[in-house]
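For the sequence shown, counting from 1, position 293 maps to 292 in numbering that gives the first Met the number 0; every step adds exactly one.
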Amino acid sequence: MEKRSKIQESTDLFISHPQSTSSVAVKLRTALRRTTSKIGSRSLATTGFPPPRLFDYDTVTKNLTVNDAISSVEEAFAALAKGNVEVPMPMHIGIHESSVAGPGDCHIKGGYVDSTPTFTVKLACVSFYKNSEKGLPPGSGIFIVVNAATGAPLGVFQENRFMTDLRTGAAGAVAMKHCSTPEQDTVGFIGTGAIARNMARAAAAVRPFKGVAYALDHAMAEDFAKEMGEELGMPFEVASSAEKLCNISDVIFTQTPGSSTVLEKEWLKDTGVTIIASGSDQPTKQEIPNDVLVASKYISDLTKQTSKVGELRGALQAGVMSESDVYAELGQVVNGDVPGREGHEIIVVDLTGTGAQDAAIGQVAWDKLSQL
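Put into structure tokens, the structure is as follows:
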């Protein structure tokens, strides 16, 4: 038999030994009798919630695309700029290498967009590089989508960073839509992994373009250009260097895992360029050099975050920028509070990934997959 809680014992005592005959007390006892008769000896804290549905990786990847996420992520950025999103600072757990663990990193993010029926908590594990010895990928992850009315988990999505990559790509599309012009039709990709593929797919949803790819591993860049060109029906070429890519690109997506900057100011076109940087998601990373940031119209996804883990962090630490130098947050541009591109300036959009995006893709995933 289950051990009875102090709350249940107190409830039973109140029902069986009334101390007051007031109308409020009588009504409360009546309600408690009805409740306890329904739940019997089961815990008041755990009764009545059905188990969450589990969606495995194959189900998630076969039924969600980056196009599913773009409009909802755009709306999430708009709500974020209006203060209508609850977004706590991300949590980071560093797993130090030992005989039984690591090395690796765990990131926990979440968010709630006001007046939506769900909120989302995400756990993303990355950089478990020794997994290759076990025949496993270096990253994994789950999204937990929760009923915002009851607090009950609705679904657990085993996405292994797939949904994270989708919402990152969707953010790239939002940035490209609002911070570049239709005439800027040559789009470069520095780094050609999974995120770059979703950036390319998302960019194609904004407008047709000519793609240019560069990666330290030339074969990876060749594969990326071939696959994306065939999938999107757009021309792609491979640049022999990051400098050559920057020389001809109007929009540049950077999504690299390292801690070194990937371009230089002198490489950029003088007719205006939009740089959409998504690789700096930890305090040790920086893709864009400080002189480019200083010269740019700098737009953050969430300044309180980019000042800690984004491109802005390095410029703040070097003393070459302050938070007052932030032109705007992306949601402000989406809302039309400030203009995006106005001329031939350099624009840097710093995407560190927000809980608002996680909430948006979580809602999309639940709406679509719960119907299966």
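Glycine included, every Cβ here is placed at the ideal spot set by N, Cα and C.
Handout entry: Nearest-angstrom Cα separation, counted from G47 out to A279
Key = Reading off the sequence, residue 279 comes out as Ser, not Ala. Those two C-alpha atoms are separated by around 43 Å.
Exercise for the section: Answer yes or no: the CB of T167 versus the heavy atoms of the ligand COA, is any distance below 7 Å? Expected result: Among the components of this structure there are no ligands whatsoever, and the ligand COA is therefore not found.
Practice task
Output yes or no for whether 8 Å exceeds the beta carbon distance between T117 and N146.
Solution key: yes
Practice task
Label P89 either buried or exposed according to how many other C-beta atoms from any shown protein chain fall within 10 Å of its C-beta, with 16 as the threshold for buried.
Solution key: buried
Exercise for the section: Could you check if H217 is buried or exposed, using at least 16 other CB atoms within 10 Å of its CB as the buried criterion? Expected result: exposed
Handout entry: D336 classed as buried or exposed, judged by whether at least 16 other C-beta atoms fall within 10 angstroms
Key = exposed
Problem - Interface flag, G187 vs chain B, CB-CB below 8 Å - result: Judged by its chain identifiers, the structure shown contains no chain B, having just a single protein chain.
Practice task
Run the CB neighbour count on A220, radius 10 Å, all protein chains shown included, and call it buried at 16 or more, exposed below.
Solution key: buried
Exercise for the section: Work out the CA separation of L215 and V261 for me, nearest whole Å. Expected result: 10 Å
Handout entry: Residue burial classification, H95 (beta-carbon count within 10 angstroms, cutoff 16)
Key = exposed
Problem - Proximity below 8 Å, CB of F188 to CB of M175 - result: no
Practice task
Have a look at V125, A170, T119 and A169 and flag the residue whose alpha-carbon is nearest the alpha-carbon of L153.
Solution key: T119
Problem - For K243, the nearest candidate out of E263, M233, E74 and G109 (CA to CA) - result: E263
Exercise for the section: Determine the DSSP secondary structure at Q370, reduced to helix, strand or coil. Expected result: coil
Problem - Residues bridged to R52 (per DSSP) - result: G154
Problem - Residue from T305, E73 and T273 with nearest C-alpha to V291 - result: T273
Handout entry: Coil, strand or helix - I345 by DSSP
Key = strand
Problem - N-terminal and C-terminal residue of the alpha helix (DSSP H) that A212 is part of - result: A212 -> not in any alpha helix (DSSP H); beta strand (DSSP E) instead, spanning K209 to Y213.
Exercise for the section: Closer than 7 Å by C-beta to A202: which residues in its own chain qualify, once you throw out the five before and the five after it? Chain order, please. Expected result: G171, A172, M175, V186 and F208
Exercise for the section: Please classify S248: does DSSP put it in a helix, a strand, or coil? Expected result: coil
Exercise for the section: Give the straight-line distance between the Cα atoms of E132 and S239, rounded to the nearest whole angstrom. Expected result: 32 Å
Practice task
For S36, count neighbouring C-beta atoms within 10 Å of its own C-beta (all shown protein chains included) and say buried if the count is 16 or more, exposed if not.
Solution key: Summary for S36: the model assigns pLDDT 49, below 50, so the residue's position carries little reliability; its value from the coordinates is reported in the next sentence. Classification of S36: exposed, given that the 10 Å Cβ count is below 16.
Problem - Under the three-state DSSP convention, the category D104 falls into - result: strand
Practice task
Check whether the Cβ atoms of M227 and R196 sit closer than 8 Å, and answer yes or no.
Solution key: yes
Exercise for the section: Within its chain, find whatever has a CB closer than 6 Å to the CB of V125; leave out the 5 residues flanking it on each side and keep chain order. Expected result: D104 and G138
Problem - Integer-rounded CB distance, given that A212 should sit under 8 Å from T191 - result: 5 Å
Problem - Through-space distance from A276 to I38, alpha-carbon basis - result: With a pLDDT of 48 at I38, under the threshold of 50, the modelled position of this residue cannot be trusted; read the value that follows with caution. Whole-angstrom Cα-Cα distance: 53 Å.
Practice task
Kindly give me the distance between the Cβ atoms of I287 and E328, rounded to whole angstroms, as I take these residues to be in contact under 8 Å.
Solution key: The pair is not a contact, with the Cβ atoms about 17 Å apart (cut-off 8 Å).
Handout entry: Cβ neighbours of Q362 in the same chain (closer than 8 Å, five flanking residues each side left out)
Key = S71, V112, T115, P116, T117, T119 and V144
Handout entry: Residue interval of the beta strand (DSSP E) (run including T117)
Key = T117 to V125
Handout entry: Option nearest G354 by Cα separation, candidates Q304, V250, S259 and E341
Key = Q304
Problem - DSSP bridge partner residues for E328 (one or two, in chain order) - result: S299
Handout entry: Exposure of D349, with buried meaning 16 or more beta-carbon neighbours within 10 Å
Key = buried
Practice task
Could you tell me which uninterrupted alpha helix (DSSP H) segments, each at least 4 residues in length, are contained entirely in the region 62 to 93, listed from first to last along the chain?
Solution key: 65 to 80
Problem - Top-ranked residue by Cα proximity to V99, from L267, F127, P87 and I247 - result: F127
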